[in-house]
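Colleague:
Residue numbers (the numbering used here): 86 to 284.
(1) How big is the Cα-Cα spacing for residue 237 and residue 142?
(2) If you reduce the DSSP assignment to three classes, tell me which class residue 267 lands in.
(3) State the beta-bridge partners of residue 211 as determined by DSSP.
(4) Between residue 208 and residue 138, what straight-line distance do the alpha-carbon atoms span, to the nearest angstrom?
(5) Could you say which of 249, 152, 260, 220 lies nearest to residue 205 if we only look at CA atoms?
(6) Compare the beta carbon distance of residue 148 and residue 186 with 8 Å and say whether it is the shorter of the two.
(7) Is residue 245 helix, strand or coil by DSSP?
(8) Considering residue 115, what are the terminal residues of the alpha helix (DSSP H) in which it resides?
What follows is the structure, encoded as structure tokens:
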């Protein structure tokens, strides 16, 4: 094949990528079929999606169902993982300070910006994490950020004042979702991160 290429297009056109065809059979014997491995993460992901399809009918629905099955299975088996700054650097996450845990692919910490959560349908700020217990503060007052067309409280969006001095504690599993605190005039607005919502 390579010799034919040289005869057809000339020696100046026979570059490394053409020469690499000589070694394709040998690579396939060593590594297996080209479909079973890839150097590019996108192609590897496409291969994973390809394994979701079992027939030619309703391909998109098959991919959706298999993907949902995998994500549901991952959530069911997800554990709470803890780490803090006392662990070696290989075990800690870069940019995270203080005590930290991951709950269903969400990083929560005892320091901003990862310390804002929703507990008992109330925004709270975590101040300490130990074992499976979280110490937190509610806000002194929180209410509607907007009232029309529907109350923001119905969507767990709150206009919050200063955090209270009272420190409460709960289990990590009592956290419904992580949130964002955004400054608004003299107050803060709590927005839940809805794609990580726990019912």
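Where a beta carbon is used, it is the ideal one built from N, C-alpha and C, also for glycine.
Modeller: Here's the rundown:
(1) Those two C-alpha atoms are separated by around 43 Å.
(2) strand
(3) According to DSSP, residue 211 bridges with 221.
(4) The alpha-carbon atoms of residue 208 and residue 138 are separated by roughly 42 Å.
(5) 260
(6) no
(7) strand
(8) Residue 115: member of the alpha helix (DSSP H) spanning 109–116, first to last residue.
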